[in-house]
Each structure stands twice: as structure tokens, then as C-alpha cells.
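Peer 1: Dumping the structure here so I can ask a few things about it.
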Amino acid sequence: LKQSLKDTMSKGVKTGVPDLQTDSSTSCRSSATARANASKMEKHLRKFMVNSWVRAYPPNVRQVLSKWLHRTSSAHFVVETVFNKERLVTDLSRVSKAFEDEKDANSLSPDTSYDDVQADYIDHVVQVLYDFIQSQTDDWAEADLIAIKADLKSAFMQIPLHLESIRSLSIEFNGWLFVFGRTPFGW
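Each residue of the sequence shown is one higher than the one before, counting from 28 in the numbering used here.
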């Protein structure tokens with residue numbers, strides 16, 4: 028486990044999503060909720076860029092980028108409620124109507140044996156680490172272990188994508204292409 032985590036953090040995680048079998052990158056419109064919350068989306072995307080979680084490409088380079096064969100998914104926005112924090116989510120289950128022959132990134136992700144959830148590896152990793160820490164010492168208070176578990180579960184954007192997988196996770200918003208270099212919310 029220790030070596031596996033070290034490799035993932037140094038080289039990145041592979042999504043397992045195959046390269047596109049088309050002549051150009053896909054394109055996908057953002058959800059209505061994302062478009063309705065454009066200023067909040069832009070705020071989150073600026074944070075993503077500042078932290079180097081995404082690389083942003085303006086609309087005027089679209090023709091060059093189309094040859095890079097990015098698999099672009101829909102951007103979605105989760106509005107803050109009593110139960111949810113406001114956040115930008117990558118909706119990997121949606122593809123552009125122009126690319127209906129191409130499957131979405133979620134269905135192309137390798138089966139992780141988690142019934143209806145694709146690539147939901149973080150819950151498994153968190154549980155393994157939690158069990159390991161708990162087995163190593165009796166000095167940890169239950170509250171400390173729960174806090175560690177909560178911190179690990181919010182580890183999205185902290186886990187790098189392997190160079191071979193970077194083209195498989197991107198979104199577009201207001202004509203800009205945002206290519207993830209880290210695991211996004213929604214994958």
C-alpha cells in the first residue's frame with residue numbers, strides 16, 4: 028500500500044479511459060445550473076487555475092486544441108444547500124450530441140466493483156488507511172481517526188493524473204477548455 032500510494036502521488040493515477048477514436052477533441056456544453064451560476068463557476072475555475080489543478084486554454088486556440096484529442100465532459104455546478112457545499116463538478120456521464128458514437132468517460136472507466144459508481148476509489152483508499160492506522164496503535168482517539176478520514180475523503184484535486192490520462196478529463200465553460208492535471212470532483 029505504501030509503495031502504491033507513493034507511485035500514485037509521484038507519477039499520478041491512470042484513469043483507464045482509452046484515447047478518443049475520432050479525428051478531433053470532443054466538445055460538451057455545460058449544464059444549465061453551471062450556466063446559471065456563471066460567476067460562481069468562474070470563481071471556482073480561477074481557484075483551480077491558481078492552484079494548478081487545471082490548465083486553461085482560451086477559445087482562440089480551439090482549432091489547435093482539437094488535434095490534441097481531449098475527451099471533454101460537461102461542467103456542472105452544485106448549488107449550496109443545507110446538505111451540500113457549493114462546488115464545481117465534472118459530469119463525466121455526459122457527452123456532446125455531435126459525438127454520440129463516443130462513450131462517456133464514466134462508462135469507459137475501468138470497473139472498480141463499486142456497483143453504480145465509477146472510479147470511486149477514494150472511499151476504498153480512505154478505509155484501508157483508516158484500518159491501517161487503527162491497527163498500528165491504540166493511542167489514536169476515535170475523533171482523530173474520523174477527522175483523518177474526513178480530510179482524506181476531500182482529497183480530490185490533490186491526486187495528480189498520470190501524463191497518459193490527462194487528455195481524458197477536461198471540461199469547457201464559456202468557450203474555454205480546462206484540462207485537469209488532478210482528479211476532479213465527479214470522477
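Don't be surprised by glycine CBs; every beta carbon is placed ideally from N, CA and C.
Say whether the segment 73-82 touches the segment 204-212, bearing in mind that this needs 3 or more beta-carbon pairs closer than 8 Å, one atom from each stretch.
Peer 2: yes
Peer 1: Quick check for students: name the residue ranges of the beta strand (DSSP E) that lie wholly in the segment 88-115, counting only runs of 3 or more.
Peer 2: Correct list: 99-105.
Peer 1: Among 204, 135 and 200, which one has its Cα closest to the Cα of residue 62?
Peer 2: 200
Peer 1: Output the distance between the C-alpha atoms of residue 135 and residue 43, rounded to the nearest integer angstrom.
Peer 2: 8 Å
Peer 1: Less than 8 Å between C-beta atoms, sequence neighbours within five positions excluded: which residues of the same chain meet that for residue 96?
Peer 2: Counting only Cβ-Cβ distances below 8 Å, and skipping sequence neighbours, we find 46, 47, 49, 51, 52 and 194.
Peer 1: Name the two residues that bound the continuous beta strand (DSSP E) containing residue 77.
Peer 2: Careful: residue 77 lies outside any beta strand (DSSP E), inside the alpha helix (DSSP H) at 65-77.
Peer 1: What residues match up with residue 83 in a beta bridge as DSSP calls it?
Peer 2: 205
Peer 1: In terms of residue numbering, what span does the beta strand (DSSP E) encompassing residue 199 cover?
Peer 2: In the DSSP assignment, residue 199 falls within the beta strand (DSSP E) that extends over 197-200.
Peer 1: Would you say residue 231 and residue 204 are within 9 Å of each other, going by their C-beta atoms?
Peer 2: Here the chain has residues from 28 to 214 only, and residue 231 is not among them.
Peer 1: Indicate whether residue 71 and residue 110 have their beta-carbon atoms separated by less than 9 Å.
Peer 2: no
Peer 1: Should residue 36 be labelled buried (16 or more other beta-carbon atoms within 10 Å of its own) or exposed?
Peer 2: exposed
Peer 1: In whole angstroms, give me the CA-to-CA distance for residue 197 and residue 159.
Peer 2: 34 Å
Peer 1: Relative to the C-alpha of residue 100, which residue among 73, 74, 60 and 130 is closest?
Peer 2: 130
Peer 1: From residue 60 to residue 162, what does the alpha carbon distance come to, in whole angstroms?
Peer 2: Within the model, the alpha-carbon separation for residue 60 versus residue 162 is close to 44 Å.
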